[in-house]
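Residue numbers (this note's numbering): 21 to 617.
Each residue gets a CB set at the ideal place from its N, CA and C atoms; glycine is no exception.
Since the structure is predicted, the reported quantities are computational estimates derived from the model, not experimental observations.
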């Protein structure tokens with residue numbers, strides 16, 4: 021594997037897609053707008069990973085496990101190298117078996133099939149022997165914008181001292197009781213021709229709001245994803261963030277329509293995409309660890325009173341039924357034989373960016389704490405990942421009270437579990453993180469060290485688009501493992517590599533490989549800021565002198581036909597044209613040779 025590769029695919033889950041999902045049972049009993057989908061982005065670098073987004077309130081853990089076990093058995097990807105999340109649309113067939121709901125078994129079956137099919141289609145695209153390298157080779161970009169107008173921390177302190185949930189009017193509210201994270205991230209997989217192989221965006225608001233009344237809908241985030249896909253021409257997945265304590269303002273009746281929410285999210289995502297920058301400066305790695313927790317201990321009389329007082333004041337017409345729903349949950353929790361339980365946390369490193377999959381609806385205060393303390397500059401939290409264990413509140417939120425922290429299967433965790441989850445996630449991120457930048461002086465030429473995989477990868481993958489079009493000996497993006505292998509063979513003397521070093525980073529690379537042959541092959545690349553300053557000539561002089569010291573007969577190289585600057589350099593050094601060829605990337609190349617004896 022000489023480069024980062026990626027592919028994306030989506031499978032429709034709606035009733036007009038029966039042949040692919042092998043069912044004739046209708047689950048969409050009302051009209052639906054847009055598409056309900058399972059969308060998968062498969063990224064193959066040092067490891068193969070998958071990000072899968074499903075238009076559903078949530079994807080239960082047993083469905084995720086069944087799907088990823090099938091994919092692992094078919095050797096599509098390792099079971100631990102996947103994050104599957106629901107988009108949390110509140111306008112889909114039910115996948116919930118608490119809070120008075122019953123899951124739609126046929127929709128759950130379709131979700132499992134959709135996950136498997138979407139990932140399989142993406143993997144087959146990666147493995148298609150008929151596809152040229154430019155179809156799957158990508159660079160990984162990250163863009164960041166903010167959308168702060170559609171949501172707010174929805175745990176509002178009311179005038180009577182309670183925490184608002186439902187039924188209150190805005191005049192009852194004093195202020196939010198916690199923060200809101202407005203950051204919107206975009207991950208883009210861009211091919212060498214500038215087209216996108218896939219796209220994902222991450223934001224942290226409850227996904228409530230269909231465009232029309234009384235319809236099934238992927239809600240405003242789902243509509244934003246589909247609009248981005250139309251505009252960008254690439255499969256687009258929405259990854260929910262730490263949204264447990266945040267709702268869209270339309271939910272509280274402020275007048276911002278779901279259509280306007282979708283529009284604002286789409287525009288923010290496009291802004292992030294316009295400013296996106298390469299991020300594969302490090303390995304692609306996955307870490308999955310078990311997380312142990314306990315169910316909440318609580319005072320039954322106190323919790324019964326909390327539900328009763330709120331419901332009778334703010335929604336008296338259904339108060340009795342709501343009290344029974346929460347009462348039944350508490351009874352089941354107290355009677356549960358396994359008060360100690362476990363789930364999984366997943367951390368994925370994509371170069372200098374990390375994703376953390378958490379199995380529920382994490383509150384913004386916890387999510388921001390995790391992001392701010394992470395060793396990575398950018399850390400994306402993916403909620404509802406690989407399991408669905410309800411709200412993940414912080415200690416202060418549980419002390420404040422309110423629906424999201426009333427004990428039940430929607431909020432089952434013991435006090436302090438959220439903080440413990442953040443601490444374990446940070447330990448995992450530190451384990452994935454390694455840093456390597458030495459500190460700076462004037463540029464100088466030196467041999468490449470045997471343990472400099474990360475600086476070499478950072479140089480290669482941070483070259484400009486035009487520079488990589490002309491110099492990509494190991495593909496459009498090079499992986500960390502490949503750089504580790506290159507440095508290792510250099511250390512063994514099987515090749516010779518020189519780098520131009522500023523003291524802070526590598527900004528040039530010249531090498532000879534095939535040293536076991538009488539005529540080794542040369543390659544050279546420079547960062548844009550160091551071109552035209554004589555550094556290429558100095559690197560060439562030293563690499564040619566080394567070849568002569570080894571008594572080589574000649575040096576060969578290949579150069580893109582329209583790379584006039586490089587051709588002029590090679591001709592000054594004595595190289596002459598020996599042939600032409602067409603590259604697999606569609607470019608025309610010249611073959612050149614320098615006789616040494």
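Following the DSSP letters along the chain, one finds residue 489 inside the alpha helix (DSSP H) bounded by residues 485-490.
In this structure, residue 350 and residue 452 do not form a Cβ contact; the two beta carbons are roughly 39 Å apart against a cut-off of 8 Å. When the five nearest sequence neighbours on each side are left out, the beta carbons in the same chain lying within less than 6 Å of the beta carbon of residue 468 are those of 510, 517, 519, in order along the chain. Distance between residue 132 and residue 222, taken at the CA atoms: about 23 Å. When Cβ pairs closer than 8 Å are counted between the two stretches, the stretch 89-108 is seen to touch the stretch 129-146, the count reaching three or more. Residue environment analysis places residue 416 among the exposed positions, since fewer than 16 neighbouring C-beta atoms fall within 10 angstroms of its C-beta. For residue 597, DSSP records a beta bridge to 612.
Counting only residues of its own chain and dropping the five nearest sequence neighbours on each side, residue 65 has a CB closer than 6 Å to the CB of 24, 304, 499. The count of Cβ pairs closer than 8 Å, one atom from the stretch 167-186 and one from the stretch 301-316, stays below three, leaving the stretches out of contact.
Residue 130 sits buried, since 16 or more C-beta atoms from the chains shown fall within 10 Å of its C-beta. Counting C-beta atoms within 10 angstroms of its own C-beta, residue 224 has 16 or more neighbours from the protein chains shown and is therefore classed as buried.
In this structure the stretch 54-71 touches the stretch 27-40; the number of beta carbon pairs closer than 8 Å is three or more. DSSP lists 609 as the beta-bridge partner residues of residue 580.
The beta carbons of residue 266 and residue 226 sit about 6 Å from each other, so the pair counts as a contact at 8 Å.
Between the stretch 327-341 and the stretch 366-385 there are fewer than three C-beta pairs closer than 8 Å, too few to call the two in contact. The alpha-carbon of residue 81 is positioned some 15 Å away from that of residue 91.
Fully enclosed alpha helix (DSSP H) runs of no fewer than 4 residues occupy 125-147, 153-156 of the stretch 90-173, in order along the chain. Within the stretch 171-252, the runs of alpha helix (DSSP H) at least 4 residues long that lie entirely inside it are, in chain order, 239-252. Residue 71 has its alpha-carbon roughly 9 Å from the corresponding atom of residue 101.
Taking every protein chain shown into account, the CB of residue 359 has fewer than 16 other CB atoms within 10 angstroms, so this residue is exposed. Taken through DSSP and simplified to helix, strand or coil, residue 602 comes out as strand. According to the DSSP assignment, residue 569 belongs to no beta strand (DSSP E) but to the alpha helix (DSSP H) extending over 555-569. Contact between the stretch 421-432 and the stretch 179-186 is present: 3 or more CB-CB pairs across the two stretches fall below 8 Å.
When only Cα atoms are considered, residue 188 and residue 382 end up about 24 Å apart.
Between the alpha carbons of residue 243 and residue 524 lies a distance of about 44 Å. Counting along the chain, the unbroken alpha helix (DSSP H) around residue 418 starts and ends at 415-420. Pairing residue 60 with residue 201 gives a Cβ-Cβ distance that is not under 7 Å. Scanning its chain for C-beta atoms nearer than 8 Å, with the 5 sequence neighbours on each side dropped, one finds around residue 552 the residues 585, in chain order. Out of 176, 311, 346, 329, the CA that lies nearest to the CA of residue 118 is found in 346. The beta carbons of residue 237 and residue 53 sit about 5 Å from each other, so the pair counts as a contact at 8 Å.
Here residue 528 carries a strand assignment [DSSP, helix/strand/coil]. Residue burial annotation: residue 260 is buried, with at least 16 other C-beta atoms found within 10 angstroms of its C-beta. Counting the other Cβ atoms within 10 Å of the Cβ of residue 497 gives 16 or more, which makes it buried.
DSSP places residue 519 inside the beta strand (DSSP E), whose first and last residues are 516-521. The continuous stretches of alpha helix (DSSP H) do not include residue 45, and DSSP gives it neither H nor E.
Rounded to the nearest angstrom, the gap between the Cα atoms of residue 462 and residue 526 is 12 Å.
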